[in-house]
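So for the sequence shown, this note's numbering puts the first residue at 448; every next one is plus one.
Backbone N, C-alpha and C define an ideal beta-carbon position, used for all residues, glycine too.
Fair warning: this is a prediction, and the values are worked out from it, not measured in the lab.
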Amino acid sequence: NKIGHAYAYKGPELSKKTVEDLLGIQINYYLAVDMSGFSKVIDAIGGVDINVEKRLYYYDPYDEGEAANNNGLIDLKPGMQHMDGNTALQYVRFRNDEMGDIGRIERQQKFSMALLTKLASPAVITKIPAIISEVRDAIKTDLPAGEMLSLANIINDAYKRGLKTNMVSGKPIYIDGISYWLPDIVAMRQQVAEIQGMIMDDRYVATARTLAMEYQNSIPLETEVMEEPSADQKVANPDKPATTV
448 NKIGHAYAYK GPELSKKTVE DLLGIQINYY LAVDMSGFSK VIDAIGGVDI NVEKRLYYYD
508 PYDEGEAANN NGLIDLKPGM QHMDGNTALQ YVRFRNDEMG DIGRIERQQK FSMALLTKLA
568 SPAVITKIPA IISEVRDAIK TDLPAGEMLS LANIINDAYK RGLKTNMVSG KPIYIDGISY
628 WLPDIVAMRQ QVAEIQGMIM DDRYVATART LAMEYQNSIP LETEVMEEPS ADQKVANPDK
688 PATTV
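What follows is the structure, given as structure tokens:
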């Protein structure tokens, strides 16, 4: 099913195993925050600067209580702005446009870059241990205490090396009216090999193709492939929320 469902079923441990099985690599540790914890972490570091790419406006009664103090409303104007925890949560949660989940992922990747930049800034990085202590109750992790204390060094090193984000090769589909991302397993494993600096030998390719066949056989026949939004759709009126069907 969806990776997110693994967390709903059995928490971060199953999420970690699911990602390991999909990507074919070991995940050393996990760090999980819920939405209220996310807001608390962003407030603890003094907020994050983000250039909002377009008007983001959407109300969903099912989201009431999930974005603190907003009762389901996401309302952001375009342009550079300093976001506190609640505003940042609106930004990373929004997905009600032609790009759907894909647009949300792009915004979350963009936010991750801005967050790393803020964490690595001289004003924040020296306070990492104190910040961790402040937000510890909002975080679930299997990272040992000693490793937690060395996060400042890890963050600084990651910032110097450059944080890279990527998207799993695949295509958007609908199954029973629910949207999914159908990965191209072989292409995805090629991506992973390149990121890890590995060479895809015959055994690696064979394993990827076997997994791809098993995965394809598990997909219901009643599957609808979503069409990618056109260039015109991507720049549609930002004040008029739209839904991809």
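For residue i, which residues of its own chain have a beta-carbon under 7 Å away from its beta-carbon, when the five flanking residues on both sides are left out?
i    : result
P688 : At P688, the pLDDT of 34 sits below 50, so the modelled position is not reliable; the number obtained from the coordinates is stated separately. Contacts found: Y504, Y505, N543, D544.
K565 : I492, V495, V571
D480 : The question names Asp, yet the displayed sequence has Val at residue 480. Excluding residues within five positions, the ones whose Cβ falls inside 7 Å are V488, A585, I586.
I632 : A655, L658, A659, Y662
D522 : Y504
L598 : I575, I579
M595 : I579
P459 : Y477, A479, K587
M647 : Q637, A640
I474 : K463, V466, E467
H529 : G494, D496
Got a sec? Which residues, its chain only, sit under 8 Å from residue i by beta carbon, not counting five neighbours each side?
i    : result
D490 : D531, G532
A678 : Any reading at A678 is ruled out, since the residue's pLDDT is 45, under 50, leaving its predicted position unreliable.
N613 : Q638, I642
L391 : The shown model of the chain, from 448 to 692, leaves out residue 391, and the question about it has no answer.
State the start and end residues of the unbroken alpha helix (DSSP H) segment that holds residue i.
i    : result
S665 : 649–665
S559 : 547–566
L596 : 592–596
D544 : Per DSSP, D544 belongs to no alpha helix (DSSP H) and is neither H nor E.
G471 : Here G471 belongs to no alpha helix (DSSP H), and DSSP marks it neither H nor E.
Can a CB atom of chain C be found closer than 8 Å to the CB of residue i?
i    : result
Q473 : Structure shown: chain C not included; a single protein chain is present.
Any idea which residues DSSP pairs residue i with across the strands?
i    : result
A479 : K587
D496 : H529
I625 : I622
I521 : Y505
P630 : G617
Could you give the C-beta distance for residue i and residue j, rounded to a whole number, given that I count them as a contact under 8 Å?
i    : j    : result
V499 : G526 : 6 Å
L536 : S486 : 5 Å
Y476 : L590 : 5 Å
S616 : A640 : Their Cβ separation, rounded to whole angstroms, is 12 Å, which puts S616 and A640 out of contact at 8 Å.
I497 : A561 : 5 Å
L779 : A605 : Absent from the structure is residue 779, since the part of the chain shown begins at 448 and ends at 692.
R551 : F541 : 6 Å
With a 10 Å radius around its C-beta and 16 neighbouring C-beta atoms as the bar for buried, classify residue i as buried or exposed.
i    : result
A577 : exposed
R608 : exposed
A653 : exposed
G624 : exposed
Y456 : exposed
I575 : buried
A592 : exposed
K611 : exposed
I601 : exposed
G644 : exposed
R650 : exposed
I549 : buried
T573 : exposed
P569 : exposed
P619 : buried
Excluding five sequence neighbours on each side, which residues of the same chain lie with their C-beta closer than 6 Å to the C-beta of residue i?
i    : result
Y621 : E671
P685 : With a pLDDT of 38 at P685, under the threshold of 50, the modelled position of that residue is not reliable, and no figure is offered here.
V582 : K487, V488, A491
H452 : none
Within 7 Å: the Cβ of residue i and any heavy atom of the ligand ATP?
i    : result
Y506 : The model on display carries no ligand, and the ligand ATP is accordingly not part of it.
In terms of residues, what are the limits of the beta strand (DSSP E) holding residue i?
i    : result
I646 : No beta strand (DSSP E) holds I646; DSSP gives it neither H nor E.
T670 : 670–672
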